[in-house]
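Quick note on this note's numbering: the sequence shown kicks off at 41 and runs consecutively.
Quick reminder that beta carbons are idealized off the backbone N, C-alpha and C, glycines included.
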Amino acid sequence: MARLKKVLIVGGGTAGWLAACYLAKTVNARDPNGVQVHLVESPDIGLLGVGEATFPSIRGTLSAIGLDERRFLVGATATYKQGIHYRHWVRPPGTPGADHFFHPFNAPSQRPGGPELLPYWLLGAAPEGMSFADAVSMQTTLVDHSKGPKRFKDPDYQGPMNHAFHFDAACFARVLAEHGQEALGVKRHIATVERAELDENGAIARIVTKELGDLTADLYVDCTGLKGMLIGNVMQSTFRSRADVLFADRAVAIQVPYERPDAPIPSYTISTAQEAGWIWDIGLQKRRGAGYVYSSRHTDTARAEAVFRRYLGPAADDLKAFHIKFETGYRPEHWRKNCVAVGLAGGFVEPLESTGIALIELATYLLTHLLPSDTDAMEQAARHFNEMMIARYDRIIDFIKMHYCLSQRRDSQFWIDNTDPSSIPQTLQDKLAQWKTRPPHRLDFVSDLEMFLVSSWQYVLYGMEFKTDLSAMRSMYPRMDEAKQEFRNIQLAASQALHDLPDHRALVEQMCREYRQRVGLEGAVA
Ligand SMILES: Cc1cc2nc3c(=O)[nH]c(=O)nc-3n(C[C@H](O)[C@H](O)[C@H](O)COP(=O)(O)OP(=O)(O)OC[C@H]3O[C@@H](n4cnc5c(N)ncnc54)[C@H](O)[C@@H]3O)c2cc1C
Numbered sequence: 041m042a043r044l045k046k047v048l049i050v051g052g053g054t055a056g057w058l059a060a061c062y063l064a065k066t067v068n069a070r071d072p073n074g075v076q077v078h079l080v081e082s083p084d085i086g087l088l089g090v091g092e093a094t095f096p097s098i099r100g101t102l103s104a105i106g107l108d109e110r111r112f113l114v115g116a117t118a119t120y121k122q123g124i125h126y127r128h129w130v131r132p133p134g135t136p137g138a139d140h141f142f143h144p145f146n147a148p149s150q151r152p153g154g155p156e157l158l159p160y161w162l163l164g165a166a167p168e169g170m171s172f173a174d175a176v177s178m179q180t181t182l183v184d185h186s187k188g189p190k191r192f193k194d195p196d197y198q199g200p201m202n203h204a205f206h207f208d209a210a211c212f213a214r215v216l217a218e219h220g221q222e223a224l225g226v227k228r229h230i231a232t233v234e235r236a237e238l239d240e241n242g243a244i245a246r247i248v249t250k251e252l253g254d255l256t257a258d259l260y261v262d263c264t265g266l267k268g269m270l271i272g273n274v275m276q277s278t279f280r281s282r283a284d285v286l287f288a289d290r291a292v293a294i295q296v297p298y299e300r301p302d303a304p305i306p307s308y309t310i311s312t313a314q315e316a317g318w319i320w321d322i323g324l325q326k327r328r329g330a331g332y333v334y335s336s337r338h339t340d341t342a343r344a345e346a347v348f349r350r351y352l353g354p355a356a357d358d359l360k361a362f363h364i365k366f367e368t369g370y371r372p373e374h375w376r377k378n379c380v381a382v383g384l385a386g387g388f389v390e391p392l393e394s395t396g397i398a399l400i401e402l403a404t405y406l407l408t409h410l411l412p413s414d415t416d417a418m419e420q421a422a423r424h425f426n427e428m429m430i431a432r433y434d435r436i437i438d439f440i441k442m443h444y445c446l447s448q449r450r451d452s453q454f455w456i457d458n459t460d461p462s463s464i465p466q467t468l469q470d471k472l473a474q475w476k477t478r479p480p481h482r483l484d485f486v487s488d489l490e491m492f493l494v495s496s497w498q499y500v501l502y503g504m505e506f507k508t509d510l511s512a513m514r515s516m517y518p519r520m521d522e523a524k525q526e527f528r529n530i531q532l533a534a535s536q537a538l539h540d541l542p543d544h545r546a547l548v549e550q551m552c553r554e555y556r557q558r559v560g561l562e563g564a565v566a
């Protein structure tokens, strides 16, 4: 038996540093007799630098690695995110009908012993015209009033409203790097990896760097971003494209300063559908981060940038745009021999619903908990890990495709092509067929393999105005009066919560001020 003693992470972006921190914390890398966690990052090759919106799982991850919430907010220039606001996804601008819907992070309200509200909403028990999300959750009301998800005194990463964060990707990697080295025992090397050499079994024997010569480990974690230097070039693990389902393969991004320093900060991502994709718009502490994600089959770079600049208006006139290429897909073998990919090196699903960093968290969690203490058991762990990752990717891809294929937009070839049945996975078609006569139920999902719980499917399905006809099953739902009362109670609770929760910008600024005071930085420039 060969004991696993050293893990080497290659790459210092979000994937590299999150993996390093989580792994080091879990294996207690500060113990000299335990597993050592090293990270090498290039001084010359930059990060991707986008990836600013997260998923609620991030709170568990940051809490698990022991990163103080206020320090995180200051270091990553972070703000809170309570969901995603979709504009013009159902129909194009200027068409009669609702022009937006909200996907909140809070699950629908469910009083113990009370009726499950979705069927009653479908049967018309909620106030007329009220969307599903507005009827079953108070979170839309709160974000519409610019409220944050927690109170100043709530413990770190806790609060009455489910939430995630928005942050600056480069600043986030920096704060993780500091924390990983100071508190968790990660050993950092600054060097560019030029190549890797294999042993007689096809496993990585060593990596060769320009500045530091050879580096060796028992397990190599490839976090080198889209190129997947180790897992792709060295280990030859192939990429399975899913561009036939999700067409977006380009993005153009611009960082836009606020017009006023006290401008309200939305605590949600805004996603606005366009002729060939959609635009993300995110509020950080000092600026917005925005980008147009589009399909190069349906528009070209110049037109995409023009559409994007029209959306941003004069505020972005002199600002530089960054163009990015990507492809939705993944490597079915994320883990081969003694090399495992985390982050973009392993795969990527276009960023609607912000699954990139959540997939990093998941891969890190799986890696840490499947990590064999005996290197001879690596192959079995790899098979298990790969099965779990493939299942997650496929389910996420179904979920994202649902946003596109339910659209009523036919105003461009992009939207027409998205409803072509040949582009819709059979697994999604089967779900949608069943949901015509019954709503989504948690039994539709194998929870351990899901990133999106049933409530997310419900919010998006009905936000996209999908029709479920429950008339033949009406007799199963006799609690109409109780349900009507529940819907009224949720509205009352929302008006109460408006008094209890602080303004989002005020919350962020107060939390940051408290941190600066604590570490003696108050008065310093933020
Ligand atoms: C358009 C777009 C928008 C996105 N938006 C979101 C979002 O809103 N939310 C979300 O969760 N995710 C999003 N993502 C995904 C997110 O950006 C990534 O998951 C995240 O940035 C992680 O990237 P990474 O660490 O894998 O790679 P990178 O950030 O590219 O980091 C790679 C690291 O590897 C190092 N490196 C590379 N080669 C070498 C070498 N030879 N030697 C040594 N070091 C090397 C680099 O120096 C760098 O440190 C988005 C992605 C795209 C393309």
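Between which residues of its own chain and residue i is the CB-CB distance below 6 Å, once the five residues before and five after are set aside?
i	result
A403	V382
P542	G188
H219	L107
A173	F142, P144, T180, Y499
K46	Q76, A257, D258
N458	Y444, C445
P518	none
I436	V389, T395, M491
V114	C552, Y555
S496	none
L547	G188
T415	A42, L44, D258
Ordered along the chain, which non-local residues of its own chain (more than five positions away) have a Cβ less than 8 Å from that of residue i?
i	result
Q420	P412
V494	P480, H481, R482, D484, F485
D451	P132, E315
V565	Any reading at V565 must be qualified, since the residue scores a pLDDT of 48, below 50, and its modelled position is unreliable; the value itself is stated next. Result list for V565: empty, nothing under 8 Å.
Q557	none
L410	A421, H424, F425
T477	T508, D509, L510, A512, M513
I530	S149, A175, V176, S177, M178
L489	M428, A431, R432, R435
Could you spell out the range, first to last residue, of the beta strand (DSSP E) harbouring residue i?
i	result
P297	290 to 297
G32	The first residue shown for the chain is 41 and the last is 566, placing residue 32 beyond what the model contains.
P144	140 to 144
K121	119 to 121
D262	259 to 262
G56	First-last for G56: 54 to 67, but that is the alpha helix (DSSP H), not the beta strand (DSSP E).
R327	327 to 334
A381	379 to 381
Pull the bridge partners of residue i from the DSSP assignment, please.
i	result
H229	V80
Q314	G317
H443	Bridge partners of H443: none, in fact.
G369	S281, F388
E109	BP columns for E109 are empty, so no partner.
A236	I247
A93	H206
D414	R43
Provide the residue span of the alpha helix (DSSP H) that contains residue i, from first to last.
i	result
F649	With the chain running from 41 to 566 in the structure shown, residue 649 is simply not present.
T552	Checking the sequence shown, residue 552 turns out to be Cys, not Thr. Element bounds for C552: 544 to 558.
H539	520 to 540
I464	Unbroken run through I464: none, as it is neither H nor E.
L402	396 to 410
T341	341 to 352
I49	That residue, I49, is in no alpha helix (DSSP H); its beta strand (DSSP E) goes 46 to 50.
I456	453 to 458
T249	Per DSSP, T249 belongs to no alpha helix (DSSP H); it is in the beta strand (DSSP E), 244 to 249.
A602	Residue 602 lies beyond the range of the chain shown here (41 to 566); nothing can be said about it.
V494	494 to 503
P159	157 to 162
Enumerate in chain order the residues of its own chain whose CB-to-CB distance from residue i is below 7 Å, with the five nearest sequence positions on each side excluded.
i	result
D208	E92, A116, T117, L324
W129	A313, H443, S447, M504
Got a sec: does ligand 3 put a non-hydrogen atom nearer than 6 Å to the Cβ of residue i?
i	result
F145	Absence of ligand 3 from the depicted structure is noted, with ligand 1 being the only ligands included.
Handout entry: Cβ contact check for the region 322 to 333 and the region 294 to 307: 3 or more pairs under 8 Å
Key = Yes, the region 322 to 333 is in contact with the region 294 to 307.
### Three-pair Cβ contact test at 8 Å for the region 166 to 178 versus the region 525 to 542
By the Cβ test, the region 166 to 178 is in contact with the region 525 to 542, since at least three Cβ pairs between them sit closer than 8 Å.
Does the region 91 to 104 come close enough to the region 271 to 282 to have 3 or more Cβ pairs within less than 8 Å?
-> no
* Please go through the region 167 to 220 and give each complete alpha helix (DSSP H) segment of 4 or more residues, from N-terminal end onward. => 172 to 176, 179 to 184
> Taking contact to mean at least 3 C-beta pairs separated by less than 8 Å, is the region 185 to 205 in contact with the region 151 to 165?
Replying inline: no
Three or more C-beta pairs below 8 Å linking the region 208 to 228 and the region 238 to 251:
no
Any chance the region 338 to 354 sits against the region 368 to 376, with 3 or more Cβ pairs inside 8 Å?
-> no
Taking one C-beta from the region 195 to 215 and one from the region 80 to 90 each time, how about it: are there three or more such pairs within less than 8 Å? With the rule of 3 Cβ pairs closer than 8 Å, the region 195 to 215 counts as touching the region 80 to 90.
Hey, is the region 284 to 295 in contact with the region 329 to 342, meaning 3+ C-beta pairs nearer than 8 Å?
Taking 8 Å as the limit for Cβ pairs, the verdict is that the region 329 to 342 does touch the region 284 to 295.
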